[in-house]
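What the sequence shown shows, in my numbering, is residues 9 to 262, in sequence order. To start, the structure itself, in structure tokens.
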Amino acid sequence: MQEFGSITEIAVVAIASMMIAIVASRQKILDLGGALLSFVICFVIGTLAHWSWFVLLLIFVAGSYLATRFAFRYKIYIGVQEGLEGTRSETNVISNGSVPSLVAIFYFFEIITVEEAIVGFTTSLAVAAADTIASEIGVLSGEAVLITAPSKRVAPGTNGGITIIGTVSALLSSICMTFISLIVIFAVDFGNFSNTFEGLFVIIPAILGFIGCQIDSILGATLENRGIIGKGGVNFVSIGISTVLSIGIFNYLY
9 MQEFGSITEI AVVAIASMMI AIVASRQKIL DLGGALLSFV ICFVIGTLAH
59 WSWFVLLLIF VAGSYLATRF AFRYKIYIGV QEGLEGTRSE TNVISNGSVP
109 SLVAIFYFFE IITVEEAIVG FTTSLAVAAA DTIASEIGVL SGEAVLITAP
159 SKRVAPGTNG GITIIGTVSA LLSSICMTFI SLIVIFAVDF GNFSNTFEGL
209 FVIIPAILGF IGCQIDSILG ATLENRGIIG KGGVNFVSIG ISTVLSIGIF
259 NYLY
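Okay, structure coming up:
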């Protein structure tokens, strides 16, 4: 089992997590339930893994909110906006934050190595970023097709619907989130990362982040459209599958 940080470090993470939850709620980035869950997730990740992971969560949330608010009036006009004011709920928080939290927990209890934790955490954020950005940007396109039946046109925002602009956004978002994550982790030298870094740490999360977004669309077109699983479940499963695959592939190639 990894060691906890000092009492001061834990207190700083707790206070920072609380402040973020309060600001997110007041600024209507998250609803009350989402804000409370964000506190728990931020605290767990910040104390069981490293404060740099906490920072990366903030970057992801900020980017997601900006994407949500982008062209928001038009999204309202066509009826595809997230909530009334772009506010995300506890379902969104837990579906996107559960897997990164589990990676932190597994790392703390030494179920996975530090290298596996870095790859898994980075991949989980890459999938979440790719899916969120693809959804928020893709709905602005007037042309969408069903991922399981490319010849079938569907309305933007339809579960399983994909667009060219959304797909490109997913790829770029996955790559960007991967690079940002690794730059931050490299800068603080978490787990002596500067001595173990190699290309696999970039390639695997970037590719699996994009693939995870496509898995999300496939699950949306099949299970979600049939009422078997909800949107939150689709997000959780797609992030989980991609994260497990990333760790498995990393172990095979590393």
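Glycine included, C-beta positions come from ideal geometry on N, C-alpha and C.
Is residue i near the ligand SAH - that is, is its Cβ less than 7 Å away from at least one heavy atom of it?
i	result
Thr131	Among the components modelled here there is no ligand, and therefore nothing to report on the ligand SAH.
Could you please give the first and the last residue of the uninterrupted alpha helix (DSSP H) stretch that includes residue i?
i	result
Lys36	Segment: none, Lys36 is in no alpha helix (DSSP H) and carries neither H nor E.
Gln89	First-last for Gln89: undefined, no H or E at that position.
Arg77	Trp59 to Arg77
Asn233	Neither: Asn233 is in no alpha helix (DSSP H) and is coded neither H nor E.
Leu261	Lys239 to Leu261
Asn200	Taken as a continuous stretch (DSSP letters only), Asn200 belongs to no alpha helix (DSSP H), as it is neither H nor E.
Glu206	Note, Glu206: premise wrong, no alpha helix (DSSP H); not H, not E.
Ile145	Val122 to Gly146
Gly105	Glu98 to Phe116
By Cβ distance below 6 Å, which residues in the same chain neighbour residue i in space, the five residues on each side in sequence not counted?
i	result
Val147	Val88, Pro164 and Gly165
Gly240	Thr99 and Ser103
Val135	Gly217, Gly220, Ile247 and Ser250
Ala178	Ala138, Ala142, Phe218 and Cys221
Leu44	none
Gly105	Ile49
Please tell me whether residue i and residue j are closer than 8 Å, where the distance is taken between their beta carbons.
i	j	result
Gly220	Ser246	yes
Val127	Ile255	yes
Ile141	Val153	no
Thr175	Val210	no
Ala70	Ile145	no
Met9	Phe117	yes
Val101	Leu38	yes
Leu133	Phe68	yes
Ile113	Ser149	no
Between the options, which lies nearest to residue i when the distance is taken from Cα to Cα?
i	options	result
Ser97	Ser46, Gly228 and Leu180	Ser46
Ala22	Ser14, Phe80, Ser60 and Phe51	Phe51
Pro213	Ile188, Thr156 and Ser177	Ile188
Ala137	Leu180, Arg77, Val153 and Gln35	Leu180
Ile226	Val242, Ile145, Val162 and Leu190	Val242
Glu232	Asn259, Val196, Gly168 and Ala32	Gly168
Tyr115	Trp61, Ile223 and Thr16	Trp61
Val107	Phe244, Phe258 and Ile257	Phe244
Ile28	Gly42, Leu133 and Ile215	Gly42
Ile119	Cys184, Ala57 and Phe68	Ala57
Ile15	Gly199, Thr55, Ala75 and Leu66	Thr55
So the beta strand (DSSP E) residue i belongs to, where does it begin and stop?
i	result
Leu161	The amino acid occupying residue 161 in the given sequence is Arg; Leu does not appear at that position. Its beta strand (DSSP E) spans residues Ala157 to Arg161.
To which residues does DSSP link residue i through a beta bridge?
i	result
Val153	Arg161 and Ile170
Arg81	Looking at the DSSP assignment, Arg81 forms no beta bridge with any residue, so it has no partner.
Leaving out the 5 sequence neighbours to the left and right, which residues in its chain are closer than 7 Å to residue i when beta-carbon positions are compared?
i	result
Phe201	Ile126, Ile193 and Phe194
Thr204	Glu123
Lys160	Val153 and Leu154
Thr130	Thr186, Ser189, Leu190 and Pro213
Phe80	Gln89 and Gly94
Ser109	Ile49, Val52 and Ile53
Leu261	Leu208
Asp224	Asp139, Val242, Asn243 and Ser246
Gly229	Note that residue 229 corresponds to Ala in the displayed sequence, not to Gly. Around Ala229: Leu154, Ile155, Thr156, Asn167 and Gly168.
Lys83	Gln89 and Val147
Could you name the residues of the same chain whose beta carbon sits closer than 8 Å to that of residue i, not counting the 5 residues immediately before and after it, in chain order?
i	result
Arg77	Gly94
Within 8 Å of any Cβ in chain C, is that where the Cβ of residue i sits?
i	result
Ala163	No chain C appears in the structure shown, which is made up of a single protein chain.
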